[in-house]
Structure formats: C-alpha cells, structure tokens
Amino acid sequence: MTLFQLERVDFDVADRRLISTLSLDIGPGVTALIGRNGSGKSTLLKMLAAQAAPTGGTVRYRGRDLRHWTGRSLARDLAFLPQVTPPTEGMRLEELVALGRYPWRGALGRLGRTDRSAIDEAIALCGLDPLRRRIVDTLSGGERQRAWIAMMLAQGAQTLLLDEPISALDVAHQVEVLGLVQRMSRARRLSAIVVLHDVNMAARFCDHVIALGDGQVLLDGPIADLLDPDTLNRIYGLPMQVIPATPIPVVHPF
Amino acid sequence: MKLAAAALLMSVALWGLAAVVALPLSDWPLPWADPLSLRPQQILLAYGQLPRAVVALLAGALLGLSGALMQAVLRNPLADPTTLGVSSGAQLALVAATILWPASLDLGRGAVALVGAGTAACLVMALGARRGFAPVTVTIAGMLVGMLAAAIATALTLSQGYYLLSLVIWNGGALTQEGWSGGLHLGLALIPALLLAGALARPLVVLSLGGAGAAALGARVGLIRLAAMALAVVLSAVVSAEVGLVGFVGLAAPAIVRRLGARTVGQVLMSAPLAGAVVLSLCDSALMAVAALGGPDLPTGALTGLIGGPLLIALLPKLRAIVPPGAEAGDTAPRRAPSPWRRVGVLAVLTIAAAVVTLVAGRGPGGWTVIRGDLAATFLPLRATAILAAAAAGALLATSGAVLQRLTANPMAAPEVLGVTGGASLGYAAVIFLVPEPGPVMLALGCAGGGALSLGLLSVHAMRADLAPARLLLAGLAIGALATAVLAAIMASADPRAWSLLGWMAGSAARATPGSAMLLGVLALVALAASLVAARWLEILPLGPEIARGLGLPVARIRLVLILGAGLATGAASVLVGPVSFVGLMAPHIARSLGLLRAAPFLVASWLTGAALMIAAAFGARTLSYPYDLPLGLFATLIGAPWLFATLLRGRRR
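Note that the protein sequences, when read in sequence, are chains A and B.
For the record, in the first sequence the residue sitting at position 2 is 2 according to the UniProt record's numbering, with numbers rising by one throughout.
For the record, in the second sequence the residue sitting at position 362 is 362 according to the UniProt record's numbering, with numbers rising by one throughout.
Here you go:
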C-alpha cells in the first residue's frame with residue numbers, strides 16, 4: 001500500500017525550479033526526509049500537506065489527487081506541523097489539543113463525547129496529563145512540541161507530517177519527541193514523514209529514508225541503506241564514516 | 001541622472017508656461033531692476049513665482065533628505081515624515097499655537113513646529129522601541145499618531161469657526177510665496193543639513209546591520225539613532241513651518257533613487273535630496289501651469305498625497321525581505337482571567353448602568369440634575385436615541401477591531417487603518433458636492449458606497465498578495481492617506497460646503513433619528529452574533545496560515561469574509577458618528593488587558609467595552625461644555641488616545 005504517489009511533480013518559485021519532474025511513492029511507517037539545505041525537503045513536505053500546490057504534475061494521497069480532497073476531510077486523515085510553531089496567546093494545553101477537533105466539528109458544532117475522548121486519549125498518549133491545564137507558552141520546548149503532536153493526534157490523523165520537529169531541542173527532548181512518533185507508529189499503525197537534519201536520529205527512529213538533492217531523489221529505501229559511507233557522501237557531499245555502536249552504528253564526518 | 005535632468009527640464013518648462021501666461025517674457029524684470037519701479041505683474045513674478053520655484057526645490061530637497069535619514073535609521077522603506085506622523089505633529093503644534101497662544105509664534109514658526117514634530121517622533125519611536133522597530137508596526141504607530149494629531153487639529157479648527165479656514169488651506173501644503181524669506185530659511189537649513197547627513201553616513205551603514213550587529217562592531221547605536229532621527233525631525237519641522245503639510249516626498253525620493261541604482265546608505269543620503277527637489281518642483285510647477293491655464297488652484301500637498309498613496313502600496317513588496325522574523329508579533333499576553341465569563345458579566349452590568357445613568361442624569365441651567373416630569377417626556381426619547389446610536393456605533397467599531405486584531409495577530413490593527421473610513425469620507429464629500437441639498441439618506445448611501453468601494457479595492461489588492469495581513473493594513477493606510485489628500489484639497493477650495501464636511505468628520509450622534517439608531521442597534525447585535533459564529537476561526541487564525549490550513553480551514557476565503565464584515569461594520573458606524581475615533585483600536589485592547597484571551601469572551605467583552613466607551617464619550621460631549629454639544633467622535637478620540645498610547649507603551653521591551 002502506498003500513501004503518497006508523486007507523478008512528474010515540478011515546483012517553481014519566482015524564477016527558480018526547486019523540484020523538477022519528481023516521481024516518487026511513499027509508503028506507511030516512519031519515513032525520514034533528509035538532504036542538504038535547499039535540497040527541496042521542506043517544499044516536498046509542504047506539497048504533501050497540501051500547503052503548497054505543485055506547479056506541474058500531480059500528488060496523490062491514498063490514491064486521490066490532493067486537489068480533490070476538501071480541507072476538512074484531508075485534515076481528518078493528514079496532519080501537518082510547521083517548522084516553527086506559532087505562539088499561542090494565553091491558550092491552555094487542553095484547549096490547544098481541542099483545536100484538533102475542528103476538522104470534525106467545524107466552526108459551530110459542539111464537542112461531543114467522541115471528541116472529548118479523542119482529546120483525552122491524545123493528551124494521555126503524549127504523556128501530558130499532568131500538564132493539561134498549563135498555558136502552552138509556559139511549557140518547555142519538548143513539552144510544547146509534544147502538545148502540538150497531541151493536537152495532531154486529536155485530529156484523528158493517520159498520517160503525520162513533521163517539518164524539522166527537533167531542530168530547536170536538546171538531545172533529551174529530541175529523543176523524547178522522536179520516540180513518541182515511533183511509539184505512535186508501532187502502537188497505532190500511524191505513518192509519519194519527518195524532515196530531519198540529524199542522520200543518527202533518523203537512523204535510530206525511522207523505518208525508511210528518502211534523501212533529496214537538488215530536487216531529485218538520491219536515495220529511497222529502508223533506513224539501513226542510509227548507513228553506508230558512499231551513500232552519505234553522495235547525499236551530503238562530504239566523506240563520512242560509519243562507526244559500529246549499539247543499538248545501531250553511528251555516522252560521523254571524517 | 002538623465003531622468004533627473006529630463007524631469008527638471010520638464011518642471012522648468014511647466015513653471016515657465018505658468019509664468020509666461022501670467023506675464024509675457026518681454027516684460028520680465030531684470031534682476032537688478034529697482035523694485036520700486038516694477039509693475040504689479042512684475043512684482044508678482046519676482047516676489048511670488050520665482051521664489052515659489054526655489055522654495056519647491058529646497059523644500060523637496062529637505063524632505064527627501066529627511067525621509068532618507070528616517071529610512072536609514074529605522075531600516076524601513078516606508079518611513080518618512082508623513083507616515084511617521086511627524087508632519088502632523090508639527091501641523092498640530094502650529095494650529096494649537098495660532099489658536100491658544102499666538103504670542104508663542106513670535107519665537108518663530110520653526111521652533112513651534114519643531115516642538116510638535118519632536119513630540120510626535122518621540123511617541124512613535126517609543127512605541128517602536130517596544131517592538132524592536134518592526135517596520136509594519138512602526139509605520140502603523142506613526143500613522144495612528146498622525147491621525148490623532150490631525151483629529152485634535154480638526155477639533156481646534158472647529159472650535160474657532162470659519163476664520164481658520166485659511167489654516168486648513170495651509171494644512172493642504174500650499175507653496176505660495178510672498179517674497180524671498182521662505183527660500184532663504186530653507187536654503188540656510190539645507191547646507192548644514194547636508195554636511196551633517198554626510199557625517200552620519202558611515203555610522204548609519206554600520207547601523208544597517210541591525211542594533212545588535214552594530215553594537216558588536218562598537219557603534220554607539222542609541223547615539224547614532226538619536227542624532228540621525230533628530231536631524232530628520234528638524235528638517236521636516238522646518239519644511240512644515242515654511243510651507244505646511246507636504247506629504248510623501250520623503251517617501252518617494254529615496255524610493256526613486258534606489259530604483260535608479262543608489263545602493264549604499266551614503267549614495268541614498270546624497271542623491272535623495274536631489275530626487276526630492278525634482279519631484280516636488282515638478283508637482284508644484286504642474287499645478288501652477290494648471291492654475292495659469294484656468295484650472296483650479298490646488299495646494300501642492302494634495303497632489304503629493306495623491307501620488308503618495310499608490311506609491312506606498314507599490315513599495316509594500318519590498319518589506320518582505322527585510323522584516324526581522326518575529327518582530328511583528330504582538331507584545332506579551334496579560335495574565336489570563338480565572339473565570340472569564342464572570343468578568344464579561346460585570347462588564348455587561350457596568351455598560352447597562354452607564355447607559356441608564358447617562359440617560360437620566362444631565363446638566364441643566366441649575367447644575368447637575370436627574371431629569372423628571374415634563375422634561376423627561378420631551379427629552380428622554382431624544383437622549384435615548386443619541387445614546388443608542390453612540391453605543392451601537394461603538395460596539396460595531398469594537399467588534400470590527402477585535403476581529404482584525406485576531407485575524408492579523410497584530411495588536412495595532414484597527415478599523416481606522418483599513419481605509420474604510422477614508423473611503424466613507426470621500427463618498428460623503430462626493431454626495432455633498434454632486435447632489436444639490438442632499439438628505440440624510442443620500443449622505444448615508446454616499447458614505448456606505450465610498451466605504452464599500454475602498455473595501456473592494458483593498459480586497460482586490462489583498463487577494464493578489466495572498467492576503468498577508470500586514471500588507472493589508474498598510475494598503476488600508478495608503479487608501480486612507482489618499483482620501484486625506486483629496487479631502488485636504490477639497491477643504492482648501494474654501495467652498496462653504498467643505499465646512500459641513502468638516503463637521504461630519506468631527507463626528508456626532510445628534511444627527512441620529514430613532515429609526516437609524518434602532519437600525520444601527522440591530523446591526524450591532526448582528527455583528528456580535530456573526531463574530532461569535534466565527535469565534536472558532538478567530539481562535540485558530542492567530543496561529544498562522546499553516547496551522548489553520550492544516551486543520552482544514554479555507555484560509556483565504558475566511559480572511560476575505562472577515563475583512564469584508566469588519567469593513568461593513570466600520571462603514572455603518574462611521575455613517576453616524578463620523579470617521580474619527582479610536583474605539584475600534586481601544587476596546588479590544590481593554591478586553592485583552594482584562595485577561596480575556598480566548599476568542600468568545602474576548603469578542604463579547606470588546607463589543608461591550610466599545611459600547612461603554614462611546615456611551616461615556618457621548619455623555620462627556622453632551623455635558624462638558626453645556627449647553628453646547630462637542631463633536632462625539634473627536635471626544636472619543638481625545639479621551640481614548642492618550643490611554644491607548646500609555647497601554648501600548650507599557651508592553652514588555654524586547
């Protein structure tokens with residue numbers, strides 16, 4: 001089963017082509033999207049989230065062209081977290097998570113029992129129960145990131161799209177957030193596509209990897225394929241070594 | 001360079017045309033001719049038209065330099081004496097001095113203008129400093145300060161009656177001269193100004209790295225900012241004192257030289273005066289030529305304003321690249337209320353109490369009384385009508401402001417800056433001038449039509465720019481500036497009908513009939529209901545378009561709907577109370593500072609606060625100068641604005 005099918009997708013900004021005739025299938029599980037700065041990772045993720053429309057070609061989600069999904073029906077199935085999460089003036093954690101029910105209830109519908117249980121479950125899954133009445137802006141970076149992921153879970157989404165969710169976090173919080181994504185995927189059969197800069201974190205927590213360079217696919221396969229010096233050199237343009245370690249080898253530049 | 005020469009040549013030709021029409025070339029006096037032997041037409045040329053051409057060049061150069069300095073200091077391509085409210089401050093000081101303390105003008109008009117310009121600049125800079133001098137926020141703050149100053153100046157003008165219409169003409173920026181003294185003053189100011197600007201060029205280059213970066217290079221950031229800004233303010237005050245309000249030359253000149261290839265701060269500083277001189281001279285000569293050929297004699301400031309509005313819109317795309325990330329975000333949130341709906345309830349009780357008290361209490365010939373008996377039967381319905389109209393207008397403006405502040409996530413957003421009121425004023429003016437003896441219905445239609453038209457223009461522009469909220473506010477400001485320029489030109493025509501326009505702009509609830517007050521009341525209730533329907537959108541929209549889209553909101557469509565709704569509410573309110581009031585900005589601020597941060601209680605509290613503020617303003621306007629009514633809109637502005645600026649200044653320093 002494939003989640004996304006991209007067919008000859010182009011993406012232009014002003015006078016530059018960021019992505020050119022890209023064809024790609026993305027399956028279930030946790031997929032790391034890696035590549036150098038400007039390789040088109042974030043652009044690709046935004047197209048998958050229907051935040052940006054491709055200039056040419058088609059993107060299909062669950063076999064249906066993204067242009068034919070309506071906003072709310074897509075949001076019930078697919079959730080997107082931008083790279084920079086906005087400030088949430090005076091909002092409590094549980095209120096933020098409750099916003100995730102908008103795709104189900106719209107502007108006016110009252111939140112019913114199913115909504116309440118979806119919200120409670122999302123908060124519990126992210127281990128945020130003790131914090132539910134805290135103001136989101138007063139949480140720590142990792143807690144805040146988990147709160148946003150809880151909102152995505154409350155959406156009932158089967159697929160999570162995360163744009164560099166750990167770039168501003170210390171290593172403990174990085175493990176906390178990516179560990180949560182991995183557990184979600186195992187326990188609830190969710191899929192996630194995560195833009196990452198840290199190869200070791202990708203190798204540790206993801207199932208598949210897609211590497212982009214100049215808007216082209218450089219690597220598409222199981223995560224184990226990433227742990228190869230030649231492949232890494234091709235992706236980053238830098239000689240890299242793969243050092244044996246537990247549970248998996250680590251990657252480091254020479 | 002070629003372009004500048006061509007423009008200058010064109011300007012000289014137009015000026016020559018005007019001069020030759022007035023006096024054939026063969027009759028022109030020689031420079032060394034004895035003044036006493038000149039005929040009146042010759043005197044007019046030697047002491048009127050010739051110095052006017054020189055003044056246009058010099059004033060343009062000074063304004064160009066002033067604008068270039070401000071843009072360098074604030075790193076904001078939209079800064080200029082007009083957009084920062086500095087010109088309006090100078091104008092207010094001069095109007096106030098003329099009316100309240102004429103003796104102070106003996107100190108020199110320049111000194112008086114400088115006090116006003118300096119005060120306005122300090123206020124804008126203080127507001128800007130709280131928000132890291134974010135360009136959009138500083139520009140909006142400047143425009144608000146300018147609007148406030150203009151409102152106070154209007155109030156003073158109105159209080160003195162018809163005699164001050166000449167003052168209004170001066171406000172329009174007329175370059176008419178009666179001798180060489182004006183040119184001499186400006187010339188004396190320009191030379192040291194150029195030298196000082198040259199000395200400041202290199203420090204300003206360092207400053208262009210941003211405050212922290214410049215400090216890291218060892219620059220004394222505060223001192224550089226202060227010196228350059230002080231120089232810019234002095235220059236604009238000198239021009240204001242000499243020729244009045246000539247807008248947007250300081251905006252246009254640096255924009256033009258940048259387009260022509262000036263890149264560094266130094267290049268811009270040295271060439272902007274030249275461009276400013278050419279631009280203003282061209283505008284002035286064109287108007288002189290039009291007047292000489294039998295056309296209307298319009299003040300130059302009106303024409304530069306007409307050019308300035310569209311120019312401001314054209315410059316908006318330049319902003320994107322230079323805005324520091326996060327700088328436009330609002331200030332920190334106040335502490336959240338523990339039980340918001342209880343506070344809303346208290347607010348509702350207070351509002352109703354205010355309405356009841358102001359209904360029955362009042363001032364009579366014998367002092368403060370409670371109305372009763374026959375008097376009550378006669379006057380209560382009248383008062384009730386006025387109070388209902390004022391409260392409904394306040395509630396409408398407040399709702400519109402609350403929606404806009406949520407939509408843009410910018411605490412400076414307000415219906416006043418949407419350009420809707422400017423458009424409504426133009427519609428009102430059009431009806432006054434085009435329809436003989438217009439009735440209230442015609443006038444209301446004119447207002448609504450003008451407001452709707454400017455709203456339509458705004459939406460078209462906004463749709464093209466993907467409705468980025470910050471650009472929208474600035475586009476609204478540009479439309480407002482355009483309207484102000486046209487209105488200034490109308491005022492300057494000295495037509496008696498301009499007087500009724502001025503009266504409407506001051507705002508009053510006394511014109512309301514029971515029918516129109518009821519209608520406005522119903523509209524206010526509809527607006528409240530509609531905003532509550534949209535409450536969930538308004539909860540999500542401040543989180544930004546990506547999150548909103550991710551949750552399935554049709555963002556562009558929702559923004560359009562909300563903006564149209566806010567514009568209609570503003571237009572409906574301004575038909576009755578006039579275009580000027582800060583209620584739409586103030587009421588949401590008060591609601592927020594009460595800790596009502598979630599959308600629904602925030603919207604209800606804003607609505608109530610707006611109504612209460614206008615009820616209080618109506619009471620004050622009715623009683624303070626009994627038995628005369630003061631203009632309501634002006635009263636609301638005057639009591640609200642100082643409080644508003646105090647709140648904005650209290651925000652946390654970044």
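Note that beta-carbon positions come from the ideal geometry of N, C-alpha and C, so glycine has one too.
| Asked | Found |
| --- | --- |
| DSSP state of residue 230(A) mapped onto helix, strand, coil | helix |
| Below-8 Å beta-carbon distance, residue 343(B) vs any chain A residue | no |
| Neighbourhood of residue 266(B) by C-beta distance below 6 Å, restricted to the same chain and skipping five residues each side | 201 |
| For residue 328(B), the three-state DSSP class (helix, strand or coil) | Because residue 328(B) sits at a pLDDT of 46, beneath the cut-off of 50, its placement in the model cannot be relied upon, and the following sentence gives the value as read from the coordinates. Here residue 328(B) sits in coil by DSSP. |
| For residue 11(A), three-class secondary structure by DSSP | strand |
| Within chain A, the residues that residue 540(B) reaches when beta carbons sit closer than 7 Å | 99 and 102 |
| Residue range of the unbroken alpha helix (DSSP H) whose run includes residue 620(B) | 599 to 623 |
| Sub-8 Å separation of residue 168(A) and residue 550(B) beta-carbons | no |
| Chain-ordered neighbours of residue 534(B) on chain A, where CB pairs are closer than 8 Å | 107 |
| Chain B contact residues for residue 72(A), given Cβ-Cβ distances below 7 Å | 552 |
| Residue-level contact to chain A via CB, residue 563(B), 8 Å cutoff | no |
| Contact under 8 Å by Cβ, residue 432(B) with residue 440(B) | no |
| Listed by chain order, chain B residues near residue 82(A) by CB distance under 9 Å | 544, 546, 547 and 550 |
| Members of the region 121 to 147 of chain A that neighbour chain B once the beta carbon cut-off is set at 8 Å | 135 and 137 |
| Partners in chain B for residue 51(A), counting only beta-carbon separations shorter than 9 Å | 545, 546, 549 and 550 |
| Host alpha helix (DSSP H) of residue 80(A) (start-end) | No alpha helix (DSSP H) contains residue 80(A), which is instead part of the beta strand (DSSP E) from 78 to 81. |
| Three or more C-beta pairs below 8 Å linking the region 444 to 458 of chain B and the region 568 to 579 of chain B | yes |
| Length-filtered (3 minimum) beta strand (DSSP E) runs lying within the region 69 to 127 of chain B | none |
| Which of helix, strand or coil DSSP assigns to residue 654(B) | Note that residue 654(B) scores 36 on pLDDT, short of 50, meaning its location in the model is unreliable and no value can be drawn from it. |
| Test item: CB-CB of residue 590(B) and residue 358(B) under 8 Å | no |
| Neighbour flag for residue 336(B) against chain A, beta carbons, 8 Å | yes |
| Contact with chain A by residue 597(B), beta-carbon distance below 8 Å | yes |
| Reference residue 264(B); option with closest CA among 276(B), 543(B), 68(B) and 284(B) | 68(B) |
| Buried versus exposed call for residue 410(B) [16 or more other C-beta atoms within 10 Å across all chains shown] | buried |
| Given 8 Å, three or more beta-carbon pairs between the region 173 to 191 of chain A and the region 211 to 219 of chain A | no |
| Beta-carbon contacts of residue 398(B) that lie in its chain and below 7 Å, excluding the five residues immediately before and after | 583, 584, 587, 588, 606, 607, 609 and 610 |
| Host alpha helix (DSSP H) of residue 208(A) (start-end) | Careful: residue 208(A) lies outside any alpha helix (DSSP H), inside the beta strand (DSSP E) at 208 to 213. |
| Neighbour flag for residue 54(A) against chain B, beta carbons, 8 Å | no |
| Short CB-CB distance (under 8 Å) between residue 247(A) and chain B | no |
| Residues bridged to residue 5(A) (per DSSP) | 25(A) and 60(A) |
| Three-state secondary structure (DSSP) of residue 167(A) | coil |
| Whole-angstrom distance between residue 147(B) and residue 153(A), CA atom to CA atom | 48 Å |
| Beta carbon proximity, residue 537(B) to chain A, threshold 8 Å | yes |
| Per-residue burial, residue 249(B) [other beta carbons within 10 Å of its own, 16 or more giving buried] | buried |
| Cβ shell of residue 89(B) (< 6 Å), same chain only, five flanking positions each side left out | 116, 117, 119, 120 and 149 |
| Cβ of residue 156(A) within 8 Å of any chain B Cβ | no |
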